[in-house]
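Student: Chains as they are written, first to last, in this note's numbering: chain A, 334 to 448; chain B, 145 to 259. To start, I am sharing the structure in question, which I have written as C-alpha cells.
Below, the structure is given as C-alpha cells:
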C-alpha cells in the first residue's frame with residue numbers, strides 16, 4: 334500500500350520550455366503533498382507544501398511564479414516549472430501524506446535537464 | 145534554530161557487520177518526528193523507520209533500529225547484519241511540530257558495504 338506515482342521520470346528540454354510534473358497517490362487520499370528538489374550530491378530541500386483546494390505554501394527563496402503548484406484533488410498534485418532555464422536542472426521529488434500519524438511516501442522523482 | 149546534522153559523509157563497512165549512522169538534531173519544539181530514508185542510486189526515497197518525540201521505546205523495523213537519545217538530541221540508525229544491498233545514501237529527516245509539515249533533511253551518509 335501507500336504507493337505514490339510521479340510522472341515523467343525524466344525530462345530533457347530546451348531553455349524557455351515549461352515542464353509539468355505530476356504526483357499521484359494511487360491507493361490512498363493524500364491530505365497534503367510536498368515538493369522537494371535535490372541537486373547532485375546534495376540533500377532534499379522542501380520547496381512547497383500543497384493542500385487540496387487551497388494555495389500552496391512555498392518555502393523561503395522559492396519563487397511561486399516560477400514553480401506553479403496545483404492540487405486539484407486528494408490524489409493529484411502538479412508542479413509546473415515555467416520558462417525553465419539550465420539552473421532549474423535538478424531532481425524533483427514529491428511526497429504524499431495520508432494523515433499526520435503516517436510517514437510521507439515519496440514518488441520515484443523526476444530528473445529535469447534543461448539544455 | 146531547527147537543524148538536523150549528519151556528520152558522516154561516507155562510510156565503508158564490511159558485509160555482515162552492524163552499522164551505526166549518526167544523526168543529531170536541534171529544536172525547541174517538544175513535538176517532532178524523526179525519520180530515516182534510504183536513497184539508492186536510482187533516486188527513489190525508501191522509508192525505513194520513524195520515531196516520535198514522545199515515544200518511550202526505541203523504534204525497530206526488521207534489521208533497522210533507531211537509537212533515540214532525547215536528552216542528547218540524537219537519533220542514530222543502526223543496521224544489523226549489513227548486506228550488499230544496503231549500499232545507498234541514507235538521510236535522517238525531521239518533521240518539526242505538527243504532523244502535516246514538510247521534512248527537513250540532513251546532508252546524508254553514503255554507505256558502502258564491501259564483500
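Every residue, glycine too, gets a C-beta built ideally from N, C-alpha and C. This one's a predicted model, so the numbers in the text were calculated from it and none came from an experiment.
Is there a C-beta anywhere in chain B that falls below 8 Å from the one on residue 284 of chain A?
Tutor: A query on residue 284 of chain A cannot be resolved here, the shown segment of chain A reaching from 334 to 448 and no further.
Student: As a quick exercise: from B:151, B:231, B:238, pick the residue whose alpha carbon is nearest that of residue 160 of chain B.
Tutor: Considering only alpha carbons, the answer is B:231.
Student: Quick check on DSSP: helix, strand or coil for residue 448 of chain A?
Tutor: Note: residue 448 of chain A maps to coil in three-state DSSP.
Student: Residue range of the beta strand (DSSP E) that residue 238 of chain B falls in?
Tutor: 232-240 is the span of the beta strand (DSSP E), which, as asked, contains residue 238 of chain B.
Student: Suppose you measure from the CA of residue 420 of chain A to the CA of residue 183 of chain B; what does that come to, to the nearest Å?
Tutor: For residue 420 of chain A and residue 183 of chain B, the distance between alpha carbons rounds to 23 Å.
Student: Hey, residue 364 of chain A and residue 244 of chain B: beta-carbon distance below 8 Å or not?
Tutor: Cβ distance < 8 Å, so residue 364 of chain A and residue 244 of chain B count as in contact.
Student: What residues are listed by DSSP as bridge partners for residue 356 of chain A?
Tutor: Its beta-bridge partners are A:339, A:410.
Student: When the Cα atoms are used, what is the spatial distance from residue 345 of chain A to residue 416 of chain A?
Tutor: Rounded to the nearest angstrom, the two C-alpha atoms are 13 Å apart.
Student: For a quick check, are the C-beta atoms of residue 237 of chain B and residue 181 of chain B less than 8 Å apart?
Tutor: In this structure, residue 181 of chain B lies closer than 8 Å to residue 237 of chain B by Cβ.
Student: Can you pull out the residues from the stretch 187-206 of chain B whose beta carbon lies closer than 7 Å to at least one beta carbon of chain A?
Tutor: So the close ones are 187, 188, 189, 191, 194.
Student: Look up residue 229 of chain B in the DSSP assignment and say whether it is helix, strand or coil.
Tutor: It is helical.
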